[in-house]
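Undergrad: Position 174 (the first sequence) corresponds to 174 in the working numbering; numbering is contiguous.
Structure incoming, see below.
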Amino acid sequence: MQLPKNYNPKDSEMRWLEFWEKEKTYSFDHKSKAEIYSVDTPPPTVSGKMHLGHSFSYAQQDFVVRFQRMLGRNVFYPFGTDDNGLATERMIEKMKNVKGQFMKRKEFVELCLKTLEDIRPDFVYDWKRIGISADFNIFYTTINEHCQKISQKSFIELYKSGRCYRKEGPTIWCPECQTAIAQVEMKDEEKTTNLAYIGVKTEKGDPLVFATTRPELYPSCVGMSVNPNDERYKKYVGQKVEMPLTNAKIELTADDMIDPEFGTGVVYFCSSGDAQFLDWETRHSVKSNIYILNFDGTLNEKAGAYKGLTIAEARKRIVDDLSKLGLIKKTEPLKHAVNVHERCGTAVEYMVSRQWYIKYLDLKEDFIEYGRKIKWHPEHMRIRYENWVNGLKWDWNISRQRHFGIPIPVWYCRKCAEIIVADENQLPVDPLVDKPLKECKCGSLDFTGEKDVLDTWATSSLTPDIAIGLFDENTQKKLFPMNLRPQAHDIITFWLFNTVVKSCFHHKNIPWHDVMISGFVLDPYGKKMSKSKGNIIDPRDMVKKYSADALRFWAAGSKLGDDMPFQEKDLVTGSKFITKIWNASKFAYLHLKDYKLQRPGKLHLTERWVLSKLSKVAKDATENFMNYEYSHTKLETETFFWHTFCDDYLEIIKGRLYNADKSGEDARLSAQYGLYNTLLAIIKLMAPIMPFITEELYQLYYKSHEKTKSIHLTKWPDIKMIDEHAEKIGDFVVQVIEFARRQKTAKQLSLKTPIKKLTIKAKIEEIDFDEVEAEIKAATSAEHIIFEPTRGKHPEKDLEVEIEF
RNA sequence: GGGCCCAUGGUCUAGUGGCUAGGACACAACCUUCACAGGGUUGAGACAGGAGUUCAAUUCUCCUUGGGCCCACCA
1 MQLPKNYNPK DSEMRWLEFW EKEKTYSFDH KSKAEIYSVD TPPPTVSGKM HLGHSFSYAQ
61 QDFVVRFQRM LGRNVFYPFG TDDNGLATER MIEKMKNVKG QFMKRKEFVE LCLKTLEDIR
121 PDFVYDWKRI GISADFNIFY TTINEHCQKI SQKSFIELYK SGRCYRKEGP TIWCPECQTA
181 IAQVEMKDEE KTTNLAYIGV KTEKGDPLVF ATTRPELYPS CVGMSVNPND ERYKKYVGQK
241 VEMPLTNAKI ELTADDMIDP EFGTGVVYFC SSGDAQFLDW ETRHSVKSNI YILNFDGTLN
301 EKAGAYKGLT IAEARKRIVD DLSKLGLIKK TEPLKHAVNV HERCGTAVEY MVSRQWYIKY
361 LDLKEDFIEY GRKIKWHPEH MRIRYENWVN GLKWDWNISR QRHFGIPIPV WYCRKCAEII
421 VADENQLPVD PLVDKPLKEC KCGSLDFTGE KDVLDTWATS SLTPDIAIGL FDENTQKKLF
481 PMNLRPQAHD IITFWLFNTV VKSCFHHKNI PWHDVMISGF VLDPYGKKMS KSKGNIIDPR
541 DMVKKYSADA LRFWAAGSKL GDDMPFQEKD LVTGSKFITK IWNASKFAYL HLKDYKLQRP
601 GKLHLTERWV LSKLSKVAKD ATENFMNYEY SHTKLETETF FWHTFCDDYL EIIKGRLYNA
661 DKSGEDARLS AQYGLYNTLL AIIKLMAPIM PFITEELYQL YYKSHEKTKS IHLTKWPDIK
721 MIDEHAEKIG DFVVQVIEFA RRQKTAKQLS LKTPIKKLTI KAKIEEIDFD EVEAEIKAAT
781 SAEHIIFEPT RGKHPEKDLE VEIEF
């Protein structure tokens, strides 16, 4: 087989993508008896395109999966898309220029579903394009009927077991998205706000100044506190404070949580607004709360004259009005963290509304224990998980006031207010359209359907059930718990944790044995990539410019869990590797044309040397892959290929390959044997990292001998040809050759310049030297070699070489 | 404020309780018809600072400094 001069990754990669799809190379065989390796693939969110971070972490998980497949495992590697969340809803509103809240839910949902059908294939293609070896026929979208059924079933089970409850209470609320959100959906943002110092008087006329960043909440003030040990204010505790503008009279109380150092040491509390109030409220009697915020973030009638204003408008007006009364003593800018909704960046409010929750704060210890049963890669990521669990303060709010999503499957009886949950047989159900199967206990047939939908995490936390739920019960048993959950570290607290929670409830078991946590791709300066910074790199551009293999090679360069700054030049390294392995194969195949898998009569020492080294590399590669340390496998294979194989081995055997007349046919056969097996092992070791070039090289030559239809279905190399003696002699040969190269370079001579006399003194036996003399001669272009075994005469030096040109 | 991770040549990194601390990119010199100019050979260049454990620390412990991340949080 003569390879073309150059390798064209673009043509080749497209060809193999088609081939794998046609041949179903990566399909899961549920009838197979082979050991299963199951993966809980992260379903990417359809809103948007694959970004560089995706290609990074999905490539990393794919390395491991491909390795497992080559070990002979029956790989279950499904692929889904996540498209039931708020992010999707917002994307479609933008794309179609509509507002969900002004449409009928049914119409809007239909529009969403239809739009998703249109964009999904292109979206998924990006994953295929980088060589993700998932079985794309085991497919789900988190909004399809299958997922709706499973998600609603989960809700019903939890409801029946008393884990799901509905409660009116303070909720974290996003006024922009107009929905309740969960603790995990918040992030903090450094913001500078004005801290206003407001002067009021106690009923006895003593002046009191408090500071606030939220003056707009003034009309809802229900209490004021100072630290009980604060000498300045002790004497006022218990008095009423008169509030101008609203003419309210509120009580001044003592509370430990007040920091005397902050502001003036006097704090006012408002029913709306912030989490701290909720804490405070539990210790102080509040006769009636004053909720002045509407769900859309404007003020309601309880704000009196400020009704209808937005938060920002009210803030300005109230400060102005207080100022006119001379009550604003001063304002100063304050830098502090504000909790915002992570999807839209709007500051959250704490509102009272009726929501559905999953009760789980009582199970913290169980969650910790589950986390410890799972093997984490890298290990320290578990600590993040535990920190999160220990810090949980709220039950899991799973209801969302949105249109697009999986409906909460309940109705409320109009007559007796009883909650009726859907029957499992009628799932999926939309309570706004469907009716309960039976009448209410009270006999009524008059129901209101719940209009809220489930939080997207309530569904995506069920991905193991969703994926394996596509198969029969028998197969399901074999697939659970799954072997692996791969994901990036940013969603340990969302997706990973929530999945453990659901698995704990529904299976009383861990969802997977192993998790592998990928790092992030940063920009070249180590900063997070984000649209707002404009430092986004599109992975598709990189694939076009370099190749999917080069991109994957780059992704294999970072240790699992480590973040990596992106530098485009790193993709050049992968491209170079591709060129190098192509050229080395071109050379090998040229000399293997007439090779028919014969074994030589005697394996030459150089072959024993290279195969011994290869055995060790293969062993390490296997161990590293087992521990999810793909970067070590890649590095070691790369070094072995480039230096041991190309620079040394190929150079050493050239003499035997080109001049069989001199060295003999068996010596050439030995070289062919070494060449065939070493290169085959190399491309196999690289196959999980660079699936395209290795497939191309396999198909062009090895396939006709090895018969397996794809390199990715061949057996992972397990070579046991360790020969320490051969390694020692081979290393000696390499040292001599390197010495000759150094001399020639120092004298600015061509490496092919003949050497008249090469004198070698070394601690090896003549009998061994005789075996490699011809190779040293050929590789150094030496005309004459004088060898002298030193045998401990010069213990300080193993090797001495002299060269005469 | 609590926690986690990290600190190696100009840049990105590998690695080890003891060998000349390895590689990639960039840099310099030279070589190059025989697999490879996206090549080869050679060269210059680094363990953040301090203390401790040890015969021996780049490696282990602590502190400082500097980065990154997670969580909590201030009226």
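We put the CB at the ideal spot given by N, CA and C, even for glycine.
Everything numeric in this text was worked out from a predicted model, so none of it was measured.
Does the Cβ-Cβ distance between residue 850 and residue 308 come in under 7 Å?
TA: Lying outside 1 to 805, the shown extent of the chain, residue 850 is not represented and no answer is given.
Undergrad: If I measure Cβ to Cβ from residue 716 and keep anything under 6 Å in the same chain, skipping five residues before and after, which residues do I get?
TA: Hits under 6 Å: 70 and 71.
Undergrad: Since I believe residue 441 is in contact with residue 418 (beta carbons under 8 Å), could you give me their beta-carbon distance rounded to a whole number of angstroms?
TA: With a Cβ gap of about 6 Å, residue 418 and residue 441 count as contacting.
Undergrad: With DSSP as the reference, identify every bridge partner of residue 223, one or two as the case may be.
TA: In the DSSP output, where bridge partners are listed per residue, residue 223 has 269.
Undergrad: Less than 7 Å between C-beta atoms, sequence neighbours within five positions excluded: which residues of the same chain meet that for residue 152?
TA: Hits under 7 Å: 406, 409, 422, 427, 428 and 429.
Undergrad: Can you tell me the Cα-Cα spacing of residue 509 and residue 389, whole angstroms?
TA: Approximately 17 Å, taken between the alpha carbons.
Undergrad: Mapping the DSSP letters down to three states, classify residue 476 as helix, strand or coil.
TA: Residue state, collapsed to three classes: helix.
Undergrad: Since residue 630 and residue 64 should fall inside the 8 Å C-beta cutoff, what is the C-beta to C-beta distance between them, to a whole number of angstroms?
TA: The Cβ separation is near 6 Å, so the contact holds.
Undergrad: Thinking just about the alpha-carbon of each residue, which of 117, 564, 682 and 345 is nearest to the one in residue 711?
TA: When only C-alpha atoms are compared, the closest one is 682.
Undergrad: Nearest-angstrom Cα distance between residue 607 and residue 618?
TA: So the alpha carbons of these two residues sit roughly 16 Å apart.
Undergrad: Tell me, to the nearest whole angstrom, how far the beta carbon of residue 180 is from that of residue 400; I am working on the premise that it is less than 8 Å.
TA: With 8 Å as the limit, residue 180 and residue 400 qualify as a contact, their Cβ atoms being about 7 Å apart.
Undergrad: Taking 8 Å as the limit between beta carbons, can you name the residues of its chain near residue 795, skipping five residues before and five after?
TA: Low local confidence applies: a pLDDT of 48 at residue 795 is under 50, so the model's placement there is unreliable, with the coordinate-based value given in what follows. Taken in chain order, the list of residues that qualify is empty.
Undergrad: When you compare the region 747 to 763 with the region 774 to 789, are there three or more beta-carbon pairs, one atom per stretch, that lie closer than 8 Å?
TA: Touching, per the Cβ criterion.
Undergrad: Suppose you measure from the CA of residue 800 to the CA of residue 622; what does that come to, to the nearest Å?
TA: Cα to Cα, the separation comes out at about 38 Å.
Undergrad: Here's the rule I'm using: 16 or more other beta-carbon atoms within 10 Å means buried, otherwise exposed. How should residue 806 be labelled?
TA: Residue 806 lies beyond the residue range present for the chain, which begins at 1 and ends at 805; the question has no answer from this structure.
Undergrad: In the DSSP output, which residue or residues are listed as bridge partners for residue 248?
TA: DSSP lists 243 as partners of residue 248.
Undergrad: Expressed to the nearest angstrom, what Euclidean distance is found between the alpha-carbon atoms of residue 579 and residue 561?
TA: Their backbone Cα atoms lie some 29 Å apart in a straight line.
Undergrad: Taking only runs that begin and end inside the region 48 to 93, name each unbroken beta strand (DSSP E) of 3 or more residues, in chain order.
TA: With a minimum length of 3 residues, the continuous beta strand (DSSP E) runs that stay inside the region 48 to 93 are 74 to 76 and 79 to 81.
Undergrad: Which whole runs of the alpha helix (DSSP H) in the region 274 to 341 are 4 residues long or more, in chain order?
TA: With a minimum length of 4 residues, the continuous alpha helix (DSSP H) runs that stay inside the region 274 to 341 are 275 to 281 and 311 to 324.
Undergrad: Label residue 102 either buried or exposed according to how many other C-beta atoms from any shown protein chain fall within 10 Å of its C-beta, with 16 as the threshold for buried.
TA: Exposed is the call here.
Undergrad: To the nearest angstrom, how far is the alpha carbon of residue 154 from that of residue 503?
TA: Going by the C-alpha atoms only, they are around 10 Å apart.
Undergrad: Please classify residue 129 as buried or exposed, where buried requires at least 16 neighbouring CB atoms within 10 angstroms.
TA: So residue 129 counts as buried.
Undergrad: Is residue 749 a contact residue of the ligand SAM, with contact defined as CB to any heavy atom under 6 Å?
TA: The ligand SAM is not part of the structure shown, which contains no ligands of any sort.
Undergrad: CA-CA distance, residue 306 and residue 318?
TA: Answer to the nearest angstrom: the Cα atoms are 8 Å apart.
Undergrad: Within 10 Å of its beta-carbon, does residue 262 have 16 or more other beta-carbons around it, so buried, or fewer, so exposed?
TA: Looking at its Cβ environment, which holds fewer than 16 other Cβ atoms inside 10 Å, residue 262 is exposed.
Undergrad: When you compare each of 553, 559 and 208 to residue 572 by their alpha carbons, which one comes out closest?
TA: For residue 572, the nearest C-alpha among the options comes from 553.
Undergrad: Less than 7 Å separating the beta-carbons of residue 233 and residue 226?
TA: Going by C-beta atoms, residue 233 is nearer than 7 Å to residue 226.
Undergrad: Could you tell me the distance, in whole angstroms, from the CA atom of residue 80 to the CA atom of residue 145?
TA: Taking the straight line from one Cα to the other gives about 13 Å.
Undergrad: Count the other CB atoms within 10 Å of the CB of residue 34; is the residue buried (16 or more) or exposed (fewer)?
TA: Classification for residue 34: exposed.
Undergrad: Going by DSSP, what residue range makes up the alpha helix (DSSP H) through residue 431?
TA: Residue 431 -> no alpha helix (DSSP H), and no H or E assigned at all.
Undergrad: Under the three-state reduction of DSSP, which class applies to residue 733: helix, strand or coil?
TA: Three-state DSSP puts residue 733 in a helix.
Undergrad: With respect to the alpha helix (DSSP H) encompassing residue 503, which residues constitute its N-terminal and C-terminal limits?
TA: Here the alpha helix (DSSP H) through residue 503 covers 497 to 507.
Undergrad: From residue 662 to residue 136, what does the alpha carbon distance come to, in whole angstroms?
TA: So the two alpha carbons sit approximately 55 Å from each other.
Undergrad: What's the gap between the Cα of residue 734 and the Cα of residue 753?
TA: Cα to Cα, the separation comes out at about 18 Å.
Undergrad: Give the straight-line distance between the Cα atoms of residue 545 and residue 52, rounded to the nearest whole angstrom.
TA: Rounded to whole angstroms, residue 545 to residue 52 spans 14 Å at the Cα level.
Undergrad: Compute the Euclidean distance between the alpha carbons of residue 38 and residue 746, then round it to the nearest angstrom.
TA: Their Cα atoms are separated by approximately 56 Å.
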